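Participant: Protein chains in written order, with the working numbering: chain D, 609 to 1219; chain G, 155 to 310.
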Amino acid sequence: MGKINTVYEDCDILVVGGGMGGTGAAYEARYWSRDMKIVVAEKANIDRSGAVAQGLYAINCYMGMRWDENQPEDHVRYARNDLMGMVREDLAYDMARHIDSTVHKFDEWGLPFMKDPDTGRYLREGKWQVMIHGESYKPIVAEAARKSADKIYNRIMVTHLLMDESKPNRCGGAVGFNVRTGDYHVFRAKATIIGAGGASHIFKPRSVGEGMGRTWYAPWSSASAYALPIQVGAKMTQMENRIVLCRFKDGYGPVGAYFLHLKTYTQNAYGDEYESKWYDQTKQLVGDYIDHHPTPTCLRNHAFIEETKAGRGPIHMVTKEAFQDPHKETVGWENFLGMTVGQAVVWASQDIDPKYINPELTTSEPYVMGSHATCSGAWASGPEDISPDEYQWGYNRMMTVDGLFGAGDALGGTAHAFSSGSFTEGRLAAKAAVKYVRDLGKDKIKVSEEQTEKFKKIIFQPMENYTIGRNEITGGTVSPSYLLPIQGLQRLEKIMDEYAGGTSVNYMTNEPLLLRGLELLATLHEDLEHIGAEDLHQLQRAWELKHRAIASECVVQHTLFRKETRWPGYYYRGDHMQLDDENWHALTLSRRDPESGEWEMEKAPVYHIVD
Amino acid sequence: MPTFVYMTRCDGCGHCVDICPSDIMHIDKTYRRAVNIEPNMCWECYSCVKACPQNAIDVRGYADFAPLGHSVRVLREEEKGTISWKIKFRDGREKDFVSPITTEPWGEKIPRLAELAEPSQEMTDSQLLCYEPDVLEVDGGLPTISKDKFKQGVYY
């Protein structure tokens, strides 16, 4: 390997990841500071990066306070109910009270909203969702970030955070490499906002051939949102709270508009309604939670999984009635074309026209993420006006590492944020980060060359491994000295699937399985020291895999710690099948010691600030 | 193989390489044309298909569940502000859809915040985000909850 060029960038605020959270952060940071240097580092290209790359057909979180449709309290009650009681209500309330201002700006910027012909208001898909023609959602939002940031670096894979050497537990920026040039990038920053993606591809996907890319969440969401803070010892919360999605089979096309707007419904293979059949059984597991309205998503999944296990699958979505209406048929198709084109491809290829055939549904492999309907992520401070003392340490959305902020998937406890909520969280984090940098005053961050050189060697090691190991063998993919990134990824996915509750075991796990899973993850981590990358693209894959492996270990630790089955339908602890409010009506926290790699687990209180 | 590139149409311009969120569209060194180097990391997001000036990129559904003979084609026209889709089923049936992609000339309504007046200290110290509270369009300003109104009871 030749000499590697190092590019230094000193800035006030570094935004890692230019998805919905990161673009919101860049935008808002500029509003509160004219003079600070704001830099974004993005793995791909901000015009089409993150989970919203291909667009969205709905904005899933909008209060509509101006029309008194919903208030922030209603959002808290809704998210809390859907997550079986477990959310950070202060963060949820805070996001909700600001979200309309985000959505109104998207409207002003040119994002096409559908309107109710009678009222002229945004067309509601359900109580929370408004419908959009959002093919260009991401390019529009990216423009706002581009006009605000001093510099946007595309194609930078950020691998590690830097730590300040003048004060313990303070972040000093981040490092990574340019996937095109191979340059090593050092970003020394006073404040760092993590807007990176959650975790797809930590559990084995149902499709393992070419179709492994058609995961529900984007394959480029490589758990950097978690690995970056975990590596520097930030506390994480609710990482066991993985999500399983009920979706159209194989394409994972979303069902929200179908259920809520088109009024389609599900039935088993024999044309029977099945959810009510599992009421008594579910009540035995979770008690009164099954009586809540709307029925928590995990419990509807539970009925789906049980009905399928009982031999009455496949479950179908009954579309034939709704699709007789040409308007609804158009909405049904455009819903996919706007955000999950792959589902339209599946239906076209299999001659499934939902006007004449009721399509199959499935439950997906699990994902870990903090911006959709679950709330995994970093433990963060809340806003001072509404956060209980135990949730508040000075700066809104700051993690337990000073100067390290988060938004979107990165933040724990804020379920049901979605695209608009992630952008809003980015804005909240940015305003707080500006204040943090101002308060630092003349206090300087110290990042030594020793620290940056150490990471430089670590980051490019997989290319060295490949170069050396490749000389031993004639060719092919089998080496006794290195693992290729795809090989390591498939091992990770198999471990998580079989030991931590993936699809092949119907989402079931227990303590012995989790403990064995941890042993296998430990040897995987050792082997990942020997990962081989043939080129810069493979180097990106190598670091994505390392991030996924670190996040996976955290997921297993949390799953082991919570000795109950809080969310049947997302996963089951076979040794603790009951929901246990007596002992586990609490948030779970973890911290990985960066020196020893040991995990410490603890409970954190749940404050119900809203009735 | 999710996306693929037609040899006779691709001129190697690299727009697809530049936009692909998964970093799987690369320029083949021998043919100097784009190629999907990692189909199993393709999301079928169509970002490259939409970006290709030559309409050289198409999608063939994932081999493990999509039979041959279908196509889902797209034409994204920024100047017109529309996106057009043509779905062709395996059995030859077709469906067409057209949607708007913006309601404004590109970028014109997105502000340069650096050109605005500095926000006041009072604004900075408040819970308000930019353009709030006006942009919320509610009476009474930004909602809050008084801490003494919190629901009683904490669960440990």
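Glycine is no exception: its CB is placed at the ideal position from the N, C-alpha and C atoms. Everything numeric in this text was worked out from a predicted model, so none of it was measured.
Over the uninterrupted alpha helix (DSSP H) stretch that includes residue 793 of chain D, give me the two end residues.
Facilitator: Residue 793 of chain D: not part of any alpha helix (DSSP H); member of the beta strand (DSSP E) spanning 792-802, first to last residue.
Participant: How big is the Cα-Cα spacing for residue 688 of chain D and residue 1138 of chain D?
Facilitator: 43 Å
Participant: Would you please verify whether the beta carbon of residue 969 of chain D is less than 7 Å from any beta carbon of chain G?
Facilitator: Cβ-Cβ to chain G under 7 Å: no for residue 969 of chain D.
Participant: Cβ atoms of residue 956 of chain D and residue 851 of chain D: under 7 Å apart, would you say?
Facilitator: no
Participant: I'd like the span of the beta strand (DSSP E) that includes residue 1207 of chain D, first residue to last.
Facilitator: 1207-1212
Participant: Distance, Cα to Cα, residue 967 of chain D vs residue 927 of chain D?
Facilitator: Residue 927 of chain D has its alpha-carbon roughly 8 Å from the corresponding atom of residue 967 of chain D.
Participant: Apart from the five residues just before and just after residue 1040 of chain D, which ones in its own chain have a Cβ nearer than 7 Å to its Cβ?
Facilitator: If we look at residue 1040 of chain D and ignore the five residues flanking it on each side, its Cβ neighbours are 1003, 1004, 1005, 1006, 1013.
Participant: With respect to the alpha helix (DSSP H) encompassing residue 1187 of chain D, which residues constitute its N-terminal and C-terminal limits?
Facilitator: Element bounds for residue 1187 of chain D: n/a, residue is neither H nor E.
Participant: Round the Cβ separation of residue 945 of chain D and residue 239 of chain G to the nearest angstrom and send it over; I've been treating them as touching at under 8 Å.
Facilitator: 5 Å
Participant: Does DSSP put residue 957 of chain D in a helix, in a strand, or in coil?
Facilitator: For residue 957 of chain D, the secondary structure class from DSSP, reduced to helix, strand or coil, is helix.
Participant: Any beta carbon from chain G within less than 7 Å of residue 657 of chain D's own beta carbon?
Facilitator: yes
Participant: Using three-state DSSP, classify residue 1104 of chain D as helix, strand or coil.
Facilitator: helix
Participant: Around the Cβ of residue 878 of chain D, are there at least 16 other Cβ atoms within 10 angstroms (buried) or fewer (exposed)?
Facilitator: exposed
Participant: In whole angstroms, what separates the C-alpha of residue 890 of chain D from that of residue 202 of chain G?
Facilitator: 45 Å
Participant: Mind checking who residue 1139 of chain D pairs with in its DSSP beta bridge?
Facilitator: D/1091
Participant: Using a Cβ cut-off of 8 Å, which residues of the region 290-306 of chain G contact any Cβ in chain D, in chain order?
Facilitator: 290, 291, 292, 296, 297, 298, 299, 301, 304, 305
Participant: Hey, is residue 1213 of chain D's beta-carbon within less than 7 Å of any beta-carbon in chain G?
Facilitator: yes
Participant: I want to know whether the region 798-812 of chain D touches the region 175-184 of chain G - three or more CB-CB distances under 8 Å.
Facilitator: no
Participant: Suppose contacts are defined by Cβ-Cβ distances below 7 Å. Is residue 1213 of chain D in contact with residue 1147 of chain D by that definition?
Facilitator: no
Participant: With DSSP as the reference, please indicate the residues paired to residue 292 of chain G in a beta bridge.
Facilitator: Residue 292 of chain G is not bridged by DSSP to any residue.
Participant: Using only CA atoms, which one of D/635, D/762, D/614 lies nearest to residue 1038 of chain D?
Facilitator: D/635
Participant: Along the alpha helix (DSSP H) that carries residue 749 of chain D, what are the first and last residues, could you check?
Facilitator: 745-756
Participant: Check residue 809 of chain D in the structure and name its three-state DSSP category.
Facilitator: coil
Participant: Spell out a yes or no on whether the region 661-669 of chain D and the region 729-740 of chain D are touching, meaning 3 or more CB-CB pairs, one atom from each, closer than 8 Å.
Facilitator: yes
Participant: Between residue 1005 of chain D and chain G, is any beta-carbon pair separated by less than 7 Å?
Facilitator: no
Participant: Measuring straight from C-alpha to C-alpha, what distance separates residue 1059 of chain D and residue 770 of chain D?
Facilitator: 8 Å
Participant: Can you tell me whether residue 723 of chain D is helix, strand or coil according to DSSP?
Facilitator: strand
Participant: Nearest by alpha-carbon distance to residue 871 of chain D: which of D/933, D/991, D/1127 is it?
Facilitator: D/933
Participant: Mapping the DSSP letters down to three states, classify residue 699 of chain D as helix, strand or coil.
Facilitator: helix
Participant: Out of G/224, G/302, G/157, which one is the CA nearest neighbour of residue 192 of chain G?
Facilitator: G/157
Participant: Pick out whichever of D/684, D/623, D/651, D/699 has its Cα sitting closest to the Cα of residue 988 of chain D.
Facilitator: D/699
Participant: Between residue 653 of chain D and chain G, is any beta-carbon pair separated by less than 7 Å?
Facilitator: yes
Participant: What residues from chain G crowd round residue 953 of chain D, counting only those whose CB sits closer than 7 Å?
Facilitator: 198, 213, 215, 220, 224, 226
Participant: Kindly indicate which three-state DSSP category residue 1007 of chain D falls into: helix, strand or coil?
Facilitator: coil
Participant: As a quick exercise: from D/906, D/999, D/901, D/757, pick the residue whose alpha carbon is nearest that of residue 647 of chain D.
Facilitator: D/757
Participant: Could you check if residue 774 of chain D is buried or exposed, using at least 16 other CB atoms within 10 Å of its CB as the buried criterion?
Facilitator: exposed
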